[in-house]
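Residue numbers (the UniProt record's numbering): 1 to 324.
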């Protein structure tokens, strides 16, 4: 089988496409014929050795996928060859075959598009954990989403609307903001051309958002936090900007606000039952038409370095997938 390999840490162009032996499952594992694998910003950080999760070299990147079960290991009774599944693997998804623990797989109906299913697990799992579990966003509250046209950002927009909140989407271009509006955002901010604090103030009548969802970091973090409402919750999702902000500690004091960390991967390790309940809840929303991953582009397996480079430089919106 063919797989993308990271033999040394570096930018996407250092990756190689190699032929490896077919995979076989151990106890409690399944091997999946990959039909689509989603690209996420952490994939870029992992191959550059800039992420908290560091698989040993050499490795195949890619954290989530959808496909057909090829083989099951000892003790696996809930899955069988031929079943359609989505899976979170942490790494190994950018290949024609992937190995996953049975506990990390979700069965899929026959009518689900596998590319959309591949784009669901990490982005929507992260955003649900952030918005529902960590921030406890309520109907009638206001949430500001930074980087709202990205994978987790667009998921947060949809989850916020499913909860009955008012959602303000912030992004860096008219095209990206149009996508956010299409997916339910009530108001928009072009922070590449508008003063972020002034626009937030105008859209919230000076009160500020109850929840701020921030996967971007960098220079937008402090003006956004200065605008937060009393008892607001600032969700730290990641740092797509490349810069970890240094927020003055007097800001949470003055606003009675909370800075809330979000690490979905660790959450799933430590609190798997909560994670399973979250996906059950979201599957209900999918059936109601409230959640739908936006797959903006599909790449072949040999185009994986380009897909990662496009993700790193924010040339794409929503989610993109690798189709082996």
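Glycine is no exception: its CB is placed at the ideal position from the N, C-alpha and C atoms.
Inter-residue spacing [alpha-carbon to alpha-carbon] between residue i and residue j
{"i": "residue 233", "j": "residue 254", "result": "13 Å"}
{"i": "residue 244", "j": "residue 280", "result": "33 Å"}
{"i": "residue 177", "j": "residue 196", "result": "14 Å"}
{"i": "residue 183", "j": "residue 14", "result": "35 Å"}
{"i": "residue 226", "j": "residue 200", "result": "10 Å"}
{"i": "residue 217", "j": "residue 80", "result": "42 Å"}
{"i": "residue 211", "j": "residue 147", "result": "14 Å"}
{"i": "residue 107", "j": "residue 69", "result": "10 Å"}
{"i": "residue 86", "j": "residue 121", "result": "7 Å"}
{"i": "residue 247", "j": "residue 222", "result": "6 Å"}
{"i": "residue 123", "j": "residue 157", "result": "12 Å"}
{"i": "residue 20", "j": "residue 214", "result": "39 Å"}
{"i": "residue 160", "j": "residue 143", "result": "7 Å"}
{"i": "residue 145", "j": "residue 242", "result": "18 Å"}
{"i": "residue 309", "j": "residue 278", "result": "31 Å"}
{"i": "residue 64", "j": "residue 76", "result": "20 Å"}
{"i": "residue 191", "j": "residue 287", "result": "34 Å"}
{"i": "residue 265", "j": "residue 58", "result": "21 Å"}
{"i": "residue 2", "j": "residue 88", "result": "19 Å"}
{"i": "residue 163", "j": "residue 17", "result": "43 Å"}
{"i": "residue 330", "j": "residue 194", "result": "The shown model of the chain, from 1 to 324, leaves out residue 330, and the question about it has no answer."}
Bridge partner(s) assigned by DSSP for residue i
{"i": "residue 29", "result": "101"}
{"i": "residue 17", "result": "4"}
{"i": "residue 107", "result": "85"}
{"i": "residue 71", "result": "31"}
{"i": "residue 50", "result": "According to DSSP, residue 50 bridges with nothing at all."}
{"i": "residue 38", "result": "64 and 321"}
{"i": "residue 326", "result": "As shown, the chain starts at 1 and ends at 324. That puts residue 326 outside it, with no answer to give."}
{"i": "residue 150", "result": "318"}
{"i": "residue 59", "result": "6"}
{"i": "residue 156", "result": "Its beta-bridge partners do not exist; DSSP assigns none."}
Endpoints, alpha helix (DSSP H) assigned at residue i
{"i": "residue 128", "result": "121-128"}
{"i": "residue 113", "result": "Unbroken run through residue 113: none, as it is neither H nor E."}
{"i": "residue 304", "result": "304-312"}
{"i": "residue 182", "result": "174-182"}
{"i": "residue 228", "result": "No alpha helix (DSSP H) contains residue 228, which DSSP labels as neither H nor E."}
{"i": "residue 280", "result": "272-287"}
Beta-carbon separation (whole angstroms), residue i vs residue j, contact threshold 8 Å
{"i": "residue 119", "j": "residue 141", "result": "Their Cβ separation, rounded to whole angstroms, is 27 Å, which puts residue 119 and residue 141 out of contact at 8 Å."}
{"i": "residue 294", "j": "residue 154", "result": "6 Å"}
{"i": "residue 44", "j": "residue 73", "result": "31 Å between Cβ atoms; not a contact."}
{"i": "residue 48", "j": "residue 9", "result": "6 Å"}
{"i": "residue 320", "j": "residue 39", "result": "5 Å"}
{"i": "residue 185", "j": "residue 168", "result": "7 Å"}
{"i": "residue 229", "j": "residue 207", "result": "5 Å"}
Beta strand (DSSP E) segment containing residue i, residue limits
{"i": "residue 170", "result": "166-171"}
{"i": "residue 298", "result": "295-300"}
{"i": "residue 213", "result": "211-214"}
{"i": "residue 188", "result": "187-190"}
{"i": "residue 142", "result": "142-145"}
Residue i Cβ short of 7 Å to the ligand NAD heavy atom set
{"i": "residue 193", "result": "The model on display carries no ligand, and the ligand NAD is accordingly not part of it."}
- prompt: Using 8 Å as the threshold, is the region 160-173 in touch with the region 266-275, meaning 3 or more CB pairs across them?
  reply: no
- request: Please confirm if the region 87-96 is in contact with the region 107-115, defined as three or more CB-CB distances below 8 Å between the two stretches.
  value: no
- prompt: Can we say the region 130-140 touches the region 257-267, given the rule of at least three CB pairs closer than 8 Å?
  reply: yes
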